[in-house]
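There are 2 protein chains.
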Amino acid sequence: MTKHVRKGRERDERHALIIQSARELAEAEGWDAVTTRRLSQRIEYSQPVLYTHFRGKDEIVAAVALVGFGELVDRMKATITPKGATRKSLAALVATYVEYAEANPAVYDAMFALSTGLPFAQDETPKPMRTAFAVLREAVMPQNGEGDPDVYAEICWASLHGLVSLERSGRLPEHTHRQRMAALVDQFLAASAPTRPK
Amino acid sequence: MTKHVRKGRERDERHALIIQSARELAEAEGWDAVTTRRLSQRIEYSQPVLYTHFRGKDEIVAAVALVGFGELVDRMKATITPKGATRKSLAALVATYVEYAEANPAVYDAMFALSTGLPFAQDETPKPMRTAFAVLREAVMPQNGEGDPDVYAEICWASLHGLVSLERSGRLPEHTHRQRMAALVDQFLAASAPTRPK
DNA sequence: TAGAAAATCTAGCAGTGCTAGGAATTGGAG
DNA sequence: CTCCAATTCCTAGCACTGCTAGATTTTCTA
């Protein structure tokens with residue numbers, strides 16, 4: 001009877017192996033190189049085995065994306081300060097986010113550019129994605145800010161993602177990278193502070 | 199001898215027809231539907247004709263992207279105020295940008311998601327893209343802002359693109375769309391205003 | 001009008017994601 | 001230990017992709 005559980009565990013291990021292999025291959029040679037043939041060869045099984053674990057290639061990409069959201073959550077959590085965001089903590093968050101994207105470009109692509117079938121602000125949103133947004137909101141919230149915290153977190157996230165996205169496609173000059181990150185922190189701070197009457 | 203010029207003009211027309219057809223097909227059914235076969239069928243020529251105009255499919259996508267940059271430039275120009283950006287002009291810019299992306303999703307994808315071979319802040323950057331950045335910088339520059347205008351324009355652009363990108367992939371709730379745009383304007387204003395000593 | 005030059009098409013290659021059907025391995029009953 | 005069912009797995013193939021070599025048609029020139 002314990003055979004069943006062993007079988008199940010082996011299946012789970014293979015499941016994880018597929019995700020891990022896809023990730024490694026994508027980071028090494030780009031997602032174009034992640035074909036079902038090469039992937040199956042890498043896990044030392046034939047193609048159809050992949051389809052007993054995932055409905056299709058898109059689902060494998062989505063699985064890699066979810067792993068990425070989990071990792072990003074862990075890193076962002078470390079930048080949260082109990083009494084609300086400070087300049088220092090915001091700088092840490094921005095640096096953390098950008099560094100994760102730079103260090104894992106293929107995973108980041110899976111998370112944002114290739115995951116067509118991963119809706120977010122909806123009922124069917126996977127948990128790691130919900131958590132990611134919640135943690136980000138926690139990390140950017142100032143002590144006594146005005147306005148909707150959700151909306152504020154959303155535009156912070158958009159700014160971060162836009163920065164990463166444009167930099168990754170080589171559309172922003174590299175030599176001003178640090179200045180941009182600093183300016184973004186300033187922007188967050190300025191926007192989160194109570195607006196004074198003009 | 200005038201035959202040559204007529205020939206040349208006909209070729210130019212076909213060149214434009216290919217770009218236009220690719221764009222229409224992409225907007226109608228998505229870029230996945232834009233195969234060389236379907237495209238050639240649509241222009242009523244065989245596949246190899248496409249390759250006498252473009253080096254490959256990527257170059258066709260890039261051509262559509264450049265058209266998009268040109269259109270976006272025209273629209274953004276209309277939001278520039280001679281004496282520096284105001285809240286009103288910034289709101290117009292944000293609305294213009296977002297609306298263009300929403301109205302032409304496939305073109306926007308060609309501009310930012312699919313154009314792997316279109317470097318930007320570099321020597322070989324095509325003119326429409328340079329112009330687009332210059333116009334955006336003009337549109338967001340306040341009367342007497344501090345800091346590097348390039349850096350400021352870069353993070354504005356990043357924020358705009360990030361917003362569009364996340365909204366397009368269904369990762370931000372729709373019902374707060376307007377609030378986000380307003381918050382973004384506030385953020386731009388706050389960041390561009392002279393920083394007062396804390 | 002004959003022949004060279006240019007334009008265009010047919011047919012095919014190597015690769016993709018995905019799957020039906022048969023082969024091999026495994027598990028439990030006698 | 002043996003047999004047979006159930007599960008697991010692989011081979012082979014489909015329809016499609018971007019792209020191209022070589023034959024064919026059309027156009028222009030002498």
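Protein chains in written order, with our numbering: chain A, 1 to 198; chain B, 199 to 396. Glycine residues also receive a C-beta, built at the ideal position from the N, C-alpha and C atoms.
Item to check | CB-CB length for residue 18/A against residue 43/A, believed under 8 Å | outcome: With a Cβ gap of about 6 Å, residue 18/A and residue 43/A count as contacting.
Next on the checklist: Would residue 364/B pass as an interface residue toward chain A - the criterion being a Cβ-Cβ separation below 8 Å?
Outcome noted: When Cβ-Cβ separations below 8 Å define contact, residue 364/B makes contact with chain A.
Item to check | Selection of the region 54 to 76 of chain A by Cβ proximity to chain B, strictly under 8 Å | outcome: Against chain B - using a Cβ distance shorter than 8 Å - the region 54 to 76 of chain A contributes no residues.
Checklist entry - Is residue 29/A close to chain B, meaning its C-beta is less than 8 Å from at least one C-beta of that chain? => result No, residue 29/A does not count as interfacial toward chain B.
Next on the checklist: Distance check for residue 29/A and residue 78/A, CA to CA, integer angstroms please.
Outcome noted: C-alpha separation (whole angstroms): 31 Å.
Item to check | Residue-level contact to chain A via CB, residue 287/B, 8 Å cutoff | outcome: Taking 8 Å as the threshold, the shortest C-beta distance from residue 287/B to chain A does not fall below it.
Item to check | chain A contact residues for residue 209/B, given Cβ-Cβ distances below 8 Å | outcome: Residues of chain A with a Cβ closer than 8 Å to the Cβ of residue 209/B do not exist, since the nearest Cβ in that chain sits about 31 Å away.
Next on the checklist: Distance check for residue 272/B and residue 154/A, CA to CA, integer angstroms please.
Outcome noted: C-alpha separation (whole angstroms): 29 Å.
Item to check | Simplified DSSP assignment, three categories, for residue 394/B | outcome: Note that residue 394/B scores a pLDDT of 45, beneath 50, so its modelled location is shaky; the value from the coordinates is reported in the next line. Reduced to three states, the DSSP call for residue 394/B is coil.
Item to check | Per-residue DSSP class, three states only, for residue 101/A | outcome: Looking at residue 101/A - three-state DSSP - the assignment turns out to be helix.
Next on the checklist: If you reduce the DSSP assignment to three classes, tell me which class residue 188/A lands in.
Outcome noted: Correct three-state label for residue 188/A: helix.
Item to check | Whole-angstrom distance between residue 11/A and residue 327/B, CA atom to CA atom | outcome: Taking the straight line joining both Cα atoms gives about 50 Å.
Checklist entry - Within 10 angstroms of its Cβ, does residue 171/A collect 16 or more other Cβ (buried), or is it exposed? => result Counting Cβ neighbours within 10 Å, residue 171/A comes out buried, since at least 16 surround it.
Checklist entry - Of the choices 356/B, 247/B, 376/B and 224/B, whose alpha-carbon is the least far from that of residue 263/B? => result Nearest Cα to residue 263/B within the set 356/B, 247/B, 376/B and 224/B: 224/B.
Item to check | Cβ-based burial, residue 247/B [other Cβ within 10 Å; buried from 16] | outcome: If you draw a 10 Å sphere on the C-beta of residue 247/B, you find fewer than 16 other C-beta atoms in it, and that means exposed.
Checklist entry - By Cβ distance, which residues of its chain are closer than 8 Å to residue 166/A, with the 5 residues on each side in sequence left out? => result If you ignore the 5 residues before and after residue 166/A, its C-beta comes within less than 8 Å of the C-beta of 172, all in its own chain and listed in chain order.
Checklist entry - Would you call the region 229 to 236 of chain B and the region 285 to 303 of chain B touching, i.e. three or more CB-CB distances under 8 Å? => result By the Cβ criterion, the region 229 to 236 of chain B is not in contact with the region 285 to 303 of chain B, since fewer than three pairs of Cβ atoms, one from each stretch, lie closer than 8 Å.
Item to check | Contact set for residue 339/B: own chain, Cβ-Cβ below 7 Å, skip 5 residues either direction | outcome: Once the five neighbours on either side are set aside, the close Cβ partners of residue 339/B are 282, 283 and 347.
Checklist entry - Where in the region 71 to 147 of chain A do unbroken runs of the beta strand (DSSP E), each at least 3 residues long, occur, reported from the N-terminal end onward? => result None, since the region 71 to 147 of chain A contains no complete beta strand (DSSP E) of that length.
Next on the checklist: Please list, in chain order, the chain A residues whose beta carbon lies closer than 7 Å to that of residue 328/B.
Outcome noted: Listed along chain A is no residue with a C-beta nearer than 7 Å to that of residue 328/B; the closest approach is about 11 Å.
Checklist entry - Do you know how far the Cα of residue 385/B is from the Cα of residue 375/B? => result Straight across, the Cα-Cα distance linking residue 375/B with residue 385/B is about 15 Å.
Next on the checklist: I need the boundaries of the alpha helix (DSSP H) containing residue 157/A, first residue and last residue.
Outcome noted: Note, residue 157/A: alpha helix (DSSP H), 149 to 168.
Checklist entry - Helix, strand or coil: how does DSSP classify residue 45/A here? => result DSSP places residue 45/A outside both helix and strand once states are collapsed to three, so it counts as coil.
Next on the checklist: Determine whether the beta carbon atoms of residue 388/B and residue 190/A lie at a separation below 8 Å.
Outcome noted: The answer is yes: Cβ separation under 8 Å.
Checklist entry - Rounded to the nearest angstrom, how far is the Cβ of residue 152/A from that of residue 192/A, given a contact under 8 Å? => result For a cut-off of 8 Å, the C-beta gap from residue 152/A to residue 192/A is around 6 Å, short enough to register as a contact.
Checklist entry - With DSSP run on the structure shown, which of helix, strand or coil describes residue 172/A? => result Three-state result, residue 172/A: coil.
Item to check | residue 168/A beta carbon less than 8 Å from that of residue 107/A | outcome: Note that the C-beta distance between residue 107/A and residue 168/A is not below 8 Å.
Checklist entry - residue 64/A by DSSP, collapsed to three states: which one? => result In the displayed model, residue 64/A falls within a helix according to three-state DSSP.
Checklist entry - How many angstroms separate the CA atom of residue 92/A from the CA atom of residue 161/A? => result So the two alpha carbons sit approximately 16 Å from each other.
Checklist entry - Applying the criterion that 16 or more other CB atoms from any shown protein chain within 10 Å of the CB defines a buried residue, is residue 357/B buried or exposed? => result Answer is buried; the Cβ neighbour count reaches 16.
Item to check | Buried or exposed (CB count within 10 angstroms, at least 16 for buried), residue 378/B | outcome: When all chains shown are included, residue 378/B counts as buried.
Item to check | Partner residues on chain A for residue 311/B, Cβ-Cβ distance less than 7 Å | outcome: Those are 113, listed as they occur along chain A.
Next on the checklist: Less than 8 Å between the C-beta atoms of residue 252/B and residue 261/B, yes or no?
Outcome noted: Using a Cβ distance threshold of 8 Å, residue 252/B and residue 261/B count as a contacting pair.
Item to check | Cutoff 8 Å: residue 159/A Cβ touching any chain B Cβ | outcome: Closer than 8 Å to the CB of residue 159/A there is at least one CB belonging to chain B.
Next on the checklist: With distance defined between alpha-carbon atoms, name the residue in 124/A, 72/A and 127/A nearest to residue 104/A.
Outcome noted: Closest by alpha carbon: 72/A.
Next on the checklist: With a threshold of 8 Å between beta carbons, is residue 352/B in contact with chain A?
Outcome noted: Chain A, which has a Cβ nearer than 8 Å to the Cβ of residue 352/B, makes this yes.
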